[in-house]
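Q: In this note's numbering, the protein residues as written are 1303 to 1441.
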């Protein structure tokens, strides 16, 4: 008897009252890895899309403000974004994550998008790019 999952599921009598035991027959499904050039294209286009999202109270985009902490592109094209806000009491707290989700989802080839707002580490002005500093006269 082979030890691989498929032959074990066929040869073992592990059925439950509801059919085959999922723990015995389940095979993990993994999407094929995206080619590096496709990951780069998606990354570039996602960053460009994020640069179209502005905090309504600040004349700089959220990417240059340093509000985007992480963008992860999975092999199945799902995208996870971790972002923060300038303050927990930000008046745009409800709309900005939705704006980010919509911007990322608009990129051709992107699958489901998840946006999580995190507070650790807290945002501070040192996270801003030079471009944002120029726009905000913070030199």
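We put the CB at the ideal spot given by N, CA and C, even for glycine.
Output the residue ranges of the beta strand (DSSP E) runs that lie fully inside the region 1342 to 1389 and measure 3 residues or longer, sorted by chain position.
A: You should have 1370 to 1375 and 1381 to 1385.
Q: Does the separation of the CB atoms of residue 1390 and residue 1417 fall below 7 Å?
A: Within the chain shown, residue 1390 is the residue found at index 88, counting from 1. Within the chain shown, residue 1417 is the residue found at index 115, counting from 1. Not in contact: residue 1390 and residue 1417 (Cβ atoms no closer than 7 Å).
Q: Look at the alpha carbon of residue 1351 and the alpha carbon of residue 1405, and state the distance between them as a whole number of angstroms.
A: Walking along the chain shown from the start, residue 1351 turns up at place 49. Walking along the chain shown from the start, residue 1405 turns up at place 103. The alpha-carbon atoms of residue 1351 and residue 1405 are separated by roughly 5 Å.
Q: If you follow the alpha helix (DSSP H) that residue 1437 is in, where does it begin and where does it stop?
A: Counting from 1 along the chain shown, the entry for residue 1437 is found at position 135. Residues 1432 to 1437.
Q: Residue 1409 by DSSP, collapsed to three states: which one?
A: Reading the chain shown from its first residue, position 107 is the one you call residue 1409. Here residue 1409 sits in coil by DSSP.
Q: Using CA atoms only, rank isn't needed, just tell me which of 1343, 1341, 1410 and 1383 is closest to residue 1369.
A: In the chain shown, the residue the question calls residue 1369 occupies position 67. If we check each option's Cα against that of residue 1369, 1383 comes out closest.
Q: What does the Cβ neighbour count give for residue 1440, buried or exposed, with the cut at 16 atoms within 10 Å?
A: Taking the chain shown and counting its residues from 1, one reaches residue 1440 at position 138. The residue in question, residue 1440, is exposed, as its Cβ has fewer than 16 Cβ neighbours within 10 Å.
Q: In chain order, what residues of the same chain lie with their CB nearer than 6 Å to the CB of residue 1372, ignoring the 5 residues before and after it?
A: Here residue 1372 is taken as the residue at index 70 of the chain shown, counted from 1. Closer than 6 Å at the Cβ level, and outside the excluded window around residue 1372, lie 1384.
Q: Work out the CA separation of residue 1392 and residue 1356 for me, nearest whole Å.
A: Residue numbering aside, residue 1356 sits at position 54 when the chain shown is read from its first letter. Residue numbering aside, residue 1392 sits at position 90 when the chain shown is read from its first letter. Cα-Cα distance, rounded: 13 Å.
Q: Select from 1340, 1343, 1339 and 1348 the residue whose C-alpha is nearest the C-alpha of residue 1408.
A: The residue you call residue 1408 lines up with position 106 of the chain shown. Nearest option by C-alpha distance: 1348.
Q: When you compare only the Cα positions, how much space is there between residue 1340 and residue 1333?
A: Translated into the one-based positions of the chain shown, residue 1340 becomes position 38. Translated into the one-based positions of the chain shown, residue 1333 becomes position 31. Going by the C-alpha atoms only, they are around 14 Å apart.
Q: Check whether the Cβ of residue 1337 sits closer than 6 Å to any heavy atom of the ligand GDP, and report yes or no.
A: Although the ligand GDP was asked about, the structure shown includes no ligands whatsoever.
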